[in-house]
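Structure first, commentary second.
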Amino acid sequence: MQTQAPRGQYRVLGLDPFDTLTWPSGPLCRDCKTLDEARDLADRNGELYLWVCVYDDAGEVLYETGCYQEHLQKMKELDQEPARRAKTERFS
23 MQTQAPRGQY RVLGLDPFDT LTWPSGPLCR DCKTLDEARD LADRNGELYL WVCVYDDAGE
83 VLYETGCYQE HLQKMKELDQ EPARRAKTER FS
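The number in my numbering is simply the position in the sequence shown, starting from 1, with 22 added.
Here it is in structure tokens:
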């Protein structure tokens, strides 16, 4: 997928490595005329995709959002859960 937007525009790409390839609509890929429009589109779709990035016409990332932060936090919590149980079991 090409990250570089058409000249003078901004490209919004939304990806979820687990689901978007099987969705009928596929990953999010739209070009916007202004950065504000692109950021608004990215924010509106942030909960639907793991990563949503806004790129300029040079292919540089200008803005990132998505639900990946929530997933990372959930994974950290799950990683700590067995350790907590093991500690309480030892002291019981």
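Just so you know, even glycine gets a beta-carbon here, dropped at the ideal spot from N, CA and C.
| Residue interval of the beta strand (DSSP E) (run including residue 16) | Nothing can be reported for residue 16, as the shown portion of the chain is limited to 23 through 114.
| If we cut at 8 Å on Cβ distances, does residue 23 have a partner in chain B? | Here there is only one protein chain, and chain B is not present.
| task | Report all residues from its chain with a CB closer than 7 Å to the CB of residue 96; omit the five preceding and five following residues, and keep chain order. | result | The count along the sequence shown starts at 1 and reaches residue 96 at position 74. Nothing listed; no residue qualifies.
| said: Quick check on residue 83: buried or exposed, where buried means 16 or more other Cβ atoms within 10 Å of its Cβ? | reply: Along the sequence shown, read from residue 1 onward, the residue named residue 83 stands at position 61. Classification of residue 83: exposed, given that the 10 Å Cβ count is below 16.
| said: Relative to the C-alpha of residue 58, which candidate in 98, 31 and 99 has its C-alpha closest? | reply: Translated into positions along the sequence shown, residue 58 becomes position 36. Of the candidates 98, 31 and 99, the one whose C-alpha sits nearest the C-alpha of residue 58 is 31.
| query | Helix, strand or coil: which one does DSSP assign to residue 101? | reply | Along the sequence shown, one-based indexing puts residue 101 at 79. Three-state result, residue 101: helix.
| task | Between the Cα of residue 54 and those of 38, 28 and 89, spot the shortest distance and give me the residue it belongs to. | result | As a first step, residue 54 is located in the sequence shown; it is residue number 32 there, counting from the start. The candidate whose alpha carbon is nearest that of residue 54 is 28.
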